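Remarks on the structure that follows.
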Amino acid sequence: MGDLVLAFIKLTKFETEEAIHNSQKIRADETRCFGTAAVKACRFYRESNAQIEKHLDTLQCTPLISNQMSNEFQ
C-alpha cells in the first residue's frame, strides 16, 4: 500500500507543478485529495494491525496466567 501512496504523491506533485488550465488544476486537486485519503488509509491500516497484534498477544498470554494461578492455589 505504501508504494501506491508514494505514486499518488509523486503524481500529485507533477500535476500541480504542470497545471496550466483550470481543468488540470481541478484534476490535480482531486488527485491530491485521493493521495491524502490513501495516506490516511495506510496509517489507519498500520495502526489497526498494531492494535490487533497487541490484543491477540494479550489473549494468547491470558490462559497461561490463569493456568499458573490455578496451579499455585491447588
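Quick note: the sequence shown uses our numbering, first residue -8, plus one each step. Yeah, the Cβ is synthetic: ideal placement off N, Cα and C, and Gly gets one too. None of these values were measured; they are calculated from a predicted model.
With DSSP as the reference, label residue i as helix, strand or coil.
i, result
"Ile11", "coil"
Taking 8 Å as the CB-CB cut-off, is residue i touching chain D?
i, result
"Ser39", "No chain D appears in the structure shown, which is made up of a single protein chain."
Distance check for residue j and residue i, CA to CA, integer angstroms please.
i, j, result
"Phe5", "Ala32", "22 Å"
"Lys16", "Lys1", "15 Å"
"Tyr36", "Gln42", "10 Å"
"Ala29", "Leu50", "31 Å"
"Asn13", "Lys45", "48 Å"
"Ala10", "Gly(-7)", "26 Å"
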